[in-house]
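Step one of this worksheet: look at the structure below.
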Amino acid sequence: MAIEQHQRPPNWRNATVLKWAAQIAVLVGLVFLFVTLGAQSLDNFADRGLTYSYKFLSDPTGVSFREGIPLEPDTGARALYLGLVNTLRITISGIVVATILGTIIGVARLSHNWIINKIATVYIEIIRNIPLLVQIIFWGAIIQQLKALTDEHIGTYAFWFTSAKGITVPWLFPDQGFYQWLVFVIIGFIAARFVYRWRMHIKEDEGRETYAISWAVGTILVAGLIGWFAHPLFAFLGGILNAIGDGIAAIPAIVIRLMLLVLVVAGVGWWIMRFFRGLRAGDAPQMNNRAVFGLFAAALLIALAVVGGFLALAGGLEGGPFWLSLGAVIAVLVVGLKYLIDWVAPRTLVSGLVDDDYFRVIFAVGAGVTLIGILVGIEAIGETIINAASAFFHFLAPKFDSTNVAAPFRYAPPTVDVRGAGFVQLSQESLVITPGFFALWVGVTLYTASFIAEIVRGGVLAVSRGQTEAGNALGLSRFQLYRFIVLPQAFRIVLPPIGNQYLNLFKNTSLGIAVAFSDIVMVGQTIYNQTGQTVPVVSLWMAFYLTGSLILSSIVNFANRRLKLVER
Amino acid sequence: MADGKIILPDLPAAEIAPEPPPKGAVVWMKDNLFSTPFSVVLTIVGVLLAAASIRGFFGFLVNPERIWQAVTTNLRLLMVQAYPDQHMWRVWTAVGAVVVLTTLSLAVWRVGGRTSANKLTTSAMGVGGFLLAAGLLADFPASMRLTWAAVGAGVVGVAYLVRRMMGDRAKVDNIPSLAVAAGLAIGAVASLWVLQVPVPDPETGIRAATVEPLANTTRLPWLWILIAGFVGYGLGTRVRGLRLMRPLLVGAWALSYPVIFLHLLRGVNFRSVGEYALYGVAFAVVGGVIIYALVNLNLGETGRLISGALLVAALAAWAFPTLIVVRLLLLVLAAFALAAPTFGGSGGNKWRYVLIYLGAVLVIVYLMLLAVGTSVVQTQSAVPFGGFMVTWLLAIGAVALSFPIGVTLALARTSTLPIFRVLATIYIEVVRGVPLITWLLMSVVVFPFLFPEGVEFEDVVKVLLFFTFFSAAYLAENVRGGLQAVSKGQNEASNALGMSTVQRTAFITLPQALRAVIPALVGQVIATFKDTSLVAIVGLFDILLIAKNVVPNQSQPFNFLGSIKENLVFVALVYWIFTYVFSRLSQRIEKNLGVGER
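So the sequence lines, in the order shown, correspond to chains A and B.
When we follow my numbering, the leftmost residue of the first sequence carries the number 46, and every step to the right adds one.
When we follow my numbering, the leftmost residue of the second sequence carries the number 18, and every step to the right adds one.
What follows is the structure, encoded as structure tokens:
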């Protein structure tokens with residue numbers, strides 16, 4: 046029996062129409078607001094004789110930073126890269142240490158030993174409840190009141206040397222042959238994967254312990270060892286990378302813009318195709334998915350051509366007439382799309398479409414047209430992408446220079462020497478932990494560790510009691526119980542919240558600005574103080590932090606998916 | 018069974034549980050410190066670690082290089098910056114008002130459980146033990162060492178004796194926790210009259226010339242506040258039977274923020290009261306009539322048309338030069354008109370709805386009067402907020418203002434409307450993906466550029482705005498968690514009853530969702546409270562910036578140069594006390610609500 050067709054309500058009482066009208070009104074209002082504010086800010090900039098530009102990326106900065114990689118060449122881009130490296134250095138080392146420390150304290154918090162338990166509790170309650178910034182500034186104040194350097198400190202030290210200028214420790218630095226050696230290590234990692242599988246295969250077949258993990262680690266070590274001596278073999282990669290860079294630079298910019306266009310059109314077509322496939326309520330359609338895809342991609346291109354043609358022809362129109370005729374063009378396109386959907390739908394679907402579905406498809410096409418308009422409108426986008434890709438390969442190529450036959454690493458002992466205008470300094474040849482790095486690193490690590498400890502404690506408590514009791518019944522020692530029963534299960538529970546803490550740590554490194562640590566925020570601030578280019582710098586910050594957050598959370602999500610129990 | 022009775026089989030009389038073995042100190046130590054060889058090693062390591070920490074901590078405190086006078090002479094600077102002398106009563110009144118409101122609420126909601134002498138003596142013994150350990154271990158001068166050790170031993174001894182004398186009665190929960198808190202408050206205020214600190218001499222500039230009570234100027238106000246607090250509690254116990262008491266108190270708490278920060282502490286000099294009152298009365302009368310008419314459900318389509326017209330008028334008012342108060346009042350009127358069929362109903366509800374509208378008009382006129390009024394409290398900056406005061410201004414303001422935004426965002430993110438969902442998701446993820454300090458820097462260097470010349474904001478306002486938007490994104494995620502925890506059956510049931518989307522959200526979904534996220538919301542308050550310290554980086558003189566940059570650079574009349582560590586320790590202590598109390602509070606709430614257990 047066919048479902049009785051309801052009479053369609055008039056548009057001003059149709060809930061779907063009203064909902065979409067409200068949504069589109071809010072969207073248009075927001076766009077209007079942003080355009081107004083943006084135009085106003087451009088005006089205000091122009092009043093100061095400035096325009097938004099990213100030229101500072103290639104201009105010399107004229108400042109020196111106390112921290113990190115050398116500023117060569119002296120450009121804004123290199124300075125921001127320096128800040129980025131510093132941020133990542135603190136993030137990665139902080140994550141490693143905070144995880145270890147946090148786990149230890151979290152387990153100590155559960156200890157039956159009264160005094161250990163109390164120490165862990167006091168640590169957590171103190172560190173967690175004091176703002177991180179206060180702690181960072183405190184550590185900065187502590188290190189600044191250490192001993193000042195004098196002539197009698199000049200010399201080389203065996204372990205480390207602390208002073209108000211920072212802490213210097215022995216370290217292995219990458220040397221000229223490092224990148225060739227790295228290729229060996231990467232090959233080692235790939236080989237280790239196969240070795241691991243092979244050993245696991247034997248284990249499953251024969252049921253004996255095959256030490257798969259030790260074998261895999263051994264493979265990497267062997268590859269590294271071979272690479273230590275054989276790394277000049279990969280010098281030829283330099284030429285190849287150079288050629289790739291040249292090849293990319295030879296691509297005309299129009300190709301990139303066309304690729305972007307194709308990408309958007311394909312994306313919208315694919316979305317609509319999937320949307321129709323999701324709606325399909327029966328089988329034996331007269332039209333396949335590919336035809337739907339093609340039809341709507343073509344419709345998008347036609348819409349694009351019509352709007353573009355209108356904009357090209359409407360040069361003489363202004364104000365009211367322009368908006369009215371643009372509205373008419375859009376209305377015609379929308380009506381055309383509606384007929385297209387009406388024509389396609391019965392040939393792919395069994396059940397009918399509701400109003401909401403029309404709106405979704407039309408909105409997708411509209412968003413596609415707008416996006417392409419923006420992408421095509423920005424002329425520099427093709428060249429920027431080509432330049433960046435080519436610069437990347439040209440940057441890598443000299444690292445594989447065949448004349449670089451020195452060892453992959455260089456050992457540097459902690460040293461105090463006299464430099465510049467006769468000032469006693471910690472030698473830059475060795476690894477120097479500056480006061481800013483120390484304060485930020487200690488602050489961020491201790492702070493995050495206290496949160497991780499609470500998460501670990503919660504995770505351990507969440508492991509069912511029966512597991513502990515079963516372990517006790519088997520006569521496992523407390524260490525064995527934790528190592529083999531409780532912690533592996535707790536790990537699954539705590540991974541998502543700990544991932545959140547990693548993200549917080551990553552973002553909290555921006556507080557280094559308070560102790561003059563040159564992270565990306567401080568470098569950016571230095572640059573806009575000199576050039577006045579606030580908005581471009583802020584946009585780079587946002588791009589960096591959003592990308593970083595995205596990468597970190599995808600790593601955590603990936604690990605989470607791999608570790609999740611397969612449930613019935 | 019036919020008559021509905023359930024007959025239980027005869028059970029054997031339960032055996033009386035054997036008395037637990039006596040637990041002496043030796044048994045306790047054997048269980049908790051020396052149970053296994055590994056535990057013995059841990060105990061030794063732990064004792065050494067604890068001893069070294071206590072020694073190091075107190076060594077840091079009593080080191081002769083420490084300049085604690087930098088903190089004690091600058092207490093007022095740290096708390097309220099340069100708030101003028103003759104206006105200090107405003108600060109005290111504000112603190113007193115909050116204390117009275119708190120004690121009133123404690124009485125009206127009958128908060129507070131009971132605790133046992135056993136638990137109290139255990140705490141006292143912990144404190145005494147700590148004092149004793151500090152006295153013995155720390156690097157104190159001999160006389161001080163003796164005092165600390167004696168006091169510590171005395172406290173432990175008294176607590177132990179009390180427990181022994183009370184015997185089994187000590188285990189009964191019969192002491193009201195509030196009485197304990199009151200005792201502590203009395204003790205704290207009394208200590209202001211007793212404790213003495215060295216005071217530097219302004220004539221000679223020598224650090225420790227004379228010894229005076231710590232709180233010469235503040236002990237009297239604190240005493241009054243203490244008394245007011247007790248009076249408030251007494252009053253609360255009298256009036257807690259009244260029906261309207263709880264809604265009134267909730268309203269008072271909601272209004273306390275603008276009244277305290279915008280009115281009392283700013284010392285508003287009201288302007289153009291007559292004009293605003295006129296608008297207020299006009300909107301109250303005309304709007305009241307319209308709302309009363311619209312609450313009538315029989316109106317049907319006409320009501321919708323009227324409220325639609327009001328909405329259009331309210332939006333149009335923003336496009337034409339109109340007084341802001343009129344724009345706001347129109348918006349409120351339109352919102353109330355649109356929601357009238359949802360909240361109206363019958364009988365008393367109608368009048369209640371109109372009354373709420375009138376209250377809203379009154380509040381808006383009052384807030385606008387505050388906004389246009391000038392301040393009589395003259396300081397260097399246009400806004401007389403500084404020091405710890407600014408921390409509270411930002412923390413409470415950001416959370417309170419971000420609440421409606423956050424709830425809206427959460428609803429948008431979980432809604433079925435795709436554009437709203439995408440917009441809310443983008444907003445939340447972008448705000449959360451970028452660190453707070455970047456947003457604060459933006460509020461200072463980018464935000465002012467977005468407005469035409471002549472439109473200027475105070476630094477505090479800019480920072481508060483960005484704090485609000487930042488906090489809203491995090492709050493939205495918390496609320497979203499609560500929304501997703503509401504079971505689907507609830508939605509289906511409300512649909513079956515024929516509720517509209519608005520009714521379902523307002524009466525079914527949100528109350529349950531918000532109840533489930535109260536602990537997370539308190540966590541949000543704590544996080545925001547700690548985050549306010551970041552304003553020091555953008556140059557707002559909060560307690561941290563004063564402690565870090567102002568006090569350590571004072572050389573006249575006293576030489577406090579380089580006293581940064583002392584100040585930071587003090588700031589850390591201040592922050593710690595409040596965050597610790599808050600987090601304890603949130604644990605208590607979580608337990609009382611039983612959120613995690615259902």
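Idealized CB from N, CA, C, for every residue including glycine.
Checklist entry - Out of B:Leu585, B:Asn576, B:Val534, B:Leu561, which has the shortest C-alpha to C-alpha gap to Gln604 of chain B? => result B:Val534
Checklist entry - By the 10 Å Cβ neighbour count, where 16 or more other Cβ atoms means buried, how is His246 of chain A classified, buried or exposed? => result exposed
Checklist entry - Nearest CA to the CA of Leu591 of chain A: which residue from B:Thr455, B:Val451, B:Leu240, B:Ser504? => result B:Val451
Checklist entry - In terms of residues, what are the limits of the alpha helix (DSSP H) holding Ser208 of chain B? => result 194-211
Next on the checklist: Less than 8 Å between CB atoms is the rule here; does Ala334 of chain B satisfy it with respect to chain D?
Outcome noted: Checking the listed chains, one finds no chain D in this structure; the protein chains it contains are A and B.
Next on the checklist: Quick check: the Cα distance between Gly284 of chain B and Tyr383 of chain B, rounded to an integer number of angstroms?
Outcome noted: 14 Å
Checklist entry - Can you tell me the Cα-Cα spacing of Lys163 of chain A and Arg154 of chain A, whole angstroms? => result 7 Å
Checklist entry - Just reading off the beta strand (DSSP E) that Ala13 of chain B is part of, what are its end residues? => result Any question about residue 13 of chain B goes unanswered here, given that chain B covers just 18 to 615.
Item to check | Leu426 of chain B versus Asn549 of chain A: straight-line alpha-carbon distance, rounded | outcome: 22 Å
Item to check | Proximity below 8 Å, CB of Leu457 of chain B to CB of Val480 of chain B | outcome: yes
Item to check | Residue closest to Ala269 of chain B, alpha-carbon to alpha-carbon, out of B:Gly579, B:Leu121, B:Pro338, B:Ser488 | outcome: Distance check between Ala269 of chain B and each of B:Gly579, B:Leu121, B:Pro338, B:Ser488 places B:Leu121 closest, using alpha-carbon atoms only.
Checklist entry - Ends of the alpha helix (DSSP H) at Phe546 of chain B? => result 535-548
Next on the checklist: So, with DSSP's three-state summary, where would you put Phe468 of chain A?
Outcome noted: strand
Next on the checklist: Within 10 Å of its beta-carbon, does Glu583 of chain B have 16 or more other beta-carbons around it, so buried, or fewer, so exposed?
Outcome noted: buried
Item to check | Under the three-state DSSP convention, the category Arg260 of chain B falls into | outcome: coil
Item to check | Pick from B:Lys547, B:Pro101, B:Gly184 that is closest to Trp409 of chain B, judged by C-alpha positions | outcome: B:Lys547
Item to check | For Asn191 of chain B, the three-state DSSP class (helix, strand or coil) | outcome: strand
Checklist entry - Looking only at its own chain, which residues have a Cβ that is under 8 Å from the Cβ of Tyr256 of chain A, when we skip the five neighbours before and after it? => result Arg244
Checklist entry - Which chain B residues sit within Cβ distance under 7 Å of Val179 of chain A? => result Ser550, Leu561, Leu585, Val588, Ala589, Tyr592
Checklist entry - Under the rule that 16 or more other beta-carbon atoms within 10 Å means buried, what is Leu585 of chain B, buried or exposed? => result buried
Next on the checklist: If you reduce the DSSP assignment to three classes, tell me which class Arg111 of chain A lands in.
Outcome noted: coil
Checklist entry - Pick from A:Arg253, A:Tyr573, A:Val262: whose alpha carbon is nearest that of Arg238 of chain A? => result A:Val262
Item to check | Trp388 of chain A, enclosing alpha helix (DSSP H) - first and last residue | outcome: 364-393
Next on the checklist: So, for Ile600 of chain A: in the same chain, excluding its five sequence neighbours on each side, which residues have a beta-carbon less than 7 Å away from its beta-carbon?
Outcome noted: Nothing listed; no residue qualifies.
Item to check | Bridge partner(s) assigned by DSSP for Asn286 of chain B | outcome: B:Thr391
Next on the checklist: So if I threshold CB-CB distances at 8 Å, which residues from the region 401-414 of chain A count as touching chain B?
Outcome noted: Result list: Arg405, Phe408.
Item to check | Inter-residue spacing [alpha-carbon to alpha-carbon] between Gly569 of chain A and Ile135 of chain A | outcome: 17 Å
Item to check | Selected residue, minimal CA-CA separation from Ser419 of chain B, among B:Val568, B:Ser56, B:Phe484, B:Glu446 | outcome: B:Phe484
Checklist entry - Got a sec: is the Cβ-Cβ distance from Gln68 of chain A to anything in chain B below 8 Å? => result yes
Checklist entry - Sorted by chain position, which residues of the same chain lie with C-beta nearer than 7 Å to Val189 of chain B's C-beta, five sequence neighbours on each side aside? => result Excluding its 5 nearest sequence neighbours in each direction, Val189 of chain B has C-beta neighbours in its own chain below 7 Å: Ser133, listed in chain order.
Checklist entry - Just to confirm, are Ala345 of chain A and Val414 of chain A a CB contact at a threshold of 8 Å? => result Looking at the sequence provided, one finds Leu at residue 345 of chain A rather than Ala. Yes; because the gap between Cβ atoms is below 8 Å, this pair is in contact.
Next on the checklist: Pull the bridge partners of Asp559 of chain B from the DSSP assignment, please.
Outcome noted: DSSP output for Asp559 of chain B lists B:Gly404 as bridge partner(s).
Item to check | the region 483-499 of chain A / the region 140-152 of chain A touching (three or more Cβ pairs under 8 Å) | outcome: yes
Checklist entry - Any chance the region 199-208 of chain A sits against the region 449-464 of chain A, with 3 or more Cβ pairs inside 8 Å? => result With the cut-off at 8 Å, the region 199-208 of chain A and the region 449-464 of chain A touch.
Item to check | Classification of Gln213 of chain B by the beta-carbon crowding that lies within 10 angstroms, buried from 16 upward | outcome: Answer is exposed; the Cβ neighbour count stays below 16.
Checklist entry - How about Gly504 of chain A and Ala535 of chain A: do their beta carbons lie closer than 8 Å? => result yes
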